[in-house]
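Student: FYI, in my numbering the residues of the sequence shown are 90 to 370.
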Amino acid sequence: MSNILICPICKHKLTEEDNTLSCPTNHAFDISKEGYVNLLVANKKNSKNPGDSKEMVDSRRQFLDKGYYLPVADKMKEMILDLGPSDITVLDSCCGEGYYTHHVSSDPALEITDCHGFDISKPAIIAAAKRYQEVKFNVSKVNNIPLESESVDIIQTVFAPLSSSEFYRVLKEEGFVLVVYSGPMHLKELASQVYDEFKPHKYHPKSQLDRFFTLVEEQELQFNISLDNKSDILALLKMTPYYWNTHKDKLEKITALDSLDLTCDFRFSLFMKNNPHDEEE
Ligand SMILES: C[S@@+](CC[C@H](N)C(=O)[O-])C[C@H]1O[C@@H](n2cnc3c(N)ncnc32)[C@H](O)[C@@H]1O
Ligand SMILES: [Zn+2]
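(1) For K277, which of helix, strand or coil comes out of DSSP?
(2) What three-state label does DSSP hand S175 in the structure shown?
(3) Compute the distance between the beta-carbons of P294 and M274, then report whether it is under 8 Å.
(4) With C-beta atoms as the reference, is L199 less than 8 Å away from I169?
(5) Taking the alpha carbon of N363 as the reference point, which residue from D176, Y292, D141 and Y257 has its own alpha carbon closest?
(6) Which residues in the same chain as G264 place their Cβ atom closer than 7 Å to its Cβ, once the five residues preceding and following it in sequence are excluded?
(7) Please determine whether the Cβ atom of C353 lies at a distance below 7 Å from any heavy atom of ligand 2.
(8) Mind the definition here: the region 105-115 touches the region 156-166 only if three or more C-beta pairs lie below 8 Å; say whether that holds.
(9) Tell me where the beta strand (DSSP E) around H191 begins and ends.
(10) For a test of the three-state rule: what should DSSP assign to S254, helix, strand or coil?
(11) What's the C-alpha gap between H101 and E144?
(12) In whole angstroms, what is the alpha-carbon distance linking M90 and L310?
(13) Quick one: Cα of L325 to Cα of F357, how far?
(14) Is D208 close to ligand 1? I mean its beta-carbon at under 7 Å from any heavy atom of the ligand.
(15) For ligand 2, enumerate in chain order all residues having a CB closer than 5 Å to any of its heavy atoms.
(16) How would you label T46, buried or exposed, when you count the other beta carbons within 10 angstroms and need 16 or more for buried?
(17) Secondary structure at L310, three-state DSSP: helix, strand or coil?
(18) Going by DSSP, which residues form a beta bridge with M378?
(19) Mind checking T329: buried by the 16 CB within 10 Å criterion, or exposed?
(20) Return the chain-ordered list of same chain residues with a C-beta closer than 8 Å to the C-beta of G272, the five sequence neighbours on each side being excluded.
(21) Within this structure, are the beta carbons of V130 and N233 separated by less than 8 Å?
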């Protein structure tokens, strides 16, 4: 287990002994048999099983394993490689079942020495840790990242919530955040089946990160995919919010389809951490 993990309660460094991580003030966390550690602090107000359910995680894994979004992983690697990485620490924030974490961490060209991933969903982290042993996974939430300040060179985050202040804290000086999110036309054919009128969605991470980061690069990636079986269509539906928010009649229409051609539209924004001295001025 890496030495950059900190206690989510008192923020002191965690050290490992007998499959347990503990801090000097005696908060202790077991290392699971799969190798991950649950650092989520229980809060009475929060759900007992936060984040993606096992069903969503299994669906995402089934879909991603088919390689439909491989061009996304390739683009992420290309953008990281362009930064000229050498002996770097990478964090995949809200990594889900670890598909993009693994693609990036297993590429020798990126010279990653240490790779961490966390997600609030325990089923996602169990699936990730079982399969990708080269990554250090933990269960935690984006607004309480259990890593030391200034310990990470690059944070990557794909289709997930952001925490500007936590990203700023854990990144080293001149560190980067690579944010991957959907462009306006993403899965428009699916959205058209769900809503009577297709409204292109507008999202840009800039407003959330602006205070501590500078946008340094933007890339787009559009491609088409053809799902030629009901099982992949259902898997895609279940990994999107559509499945969980759509009326049964409409879902039945979609799940009755034998094939579905889809537009994929991804955006990649690279942000650089602002110099703390500039912040003070
Ligand atoms: C759309 S999924 C993306 C997962 C992964 N990045 C991928 O692209 O395969 C969003 C993920 O964010 C996680 N998540 C949601 N809220 C979170 C939070 N507050 N802290 C950490 N993870 C969170 C969910 O459990 C889920 O795994
Ligand atoms: Zn502690």
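Just so you know, even glycine gets a beta-carbon here, dropped at the ideal spot from N, CA and C.
Tutor: To lay it out plainly:
(1) helix
(2) coil
(3) No. Outside cutoff.
(4) A distance below 8 Å separates the beta carbons of L199 and I169.
(5) Y257
(6) Here the set comprises V241, D242, I243 and K362.
(7) Not one heavy atom of ligand 2 sits closer than 7 Å to the Cβ of C353.
(8) Under the 8 Å Cβ criterion, the region 105-115 does not count as touching the region 156-166, having fewer than three qualifying pairs.
(9) Element bounds for H191: not the beta strand (DSSP E) but the alpha helix (DSSP H), Y188 to S194.
(10) helix
(11) 35 Å
(12) Here M90 scores only 45 on pLDDT, less than 50, and its place in the model should not be relied on; the value that follows carries that caveat. Straight-line Cα distance between these residues: approximately 36 Å.
(13) 21 Å
(14) yes
(15) C96, I98, C99, C112, T114 and H116
(16) A query on residue 46 cannot be resolved here, the shown segment of the chain reaching from 90 to 370 and no further.
(17) Three-state result, L310: strand.
(18) Because the chain spans 90 through 370 in this model, residue 378 falls outside it and cannot be assessed.
(19) buried
(20) E309, Q311, D354, F355 and R356
(21) yes
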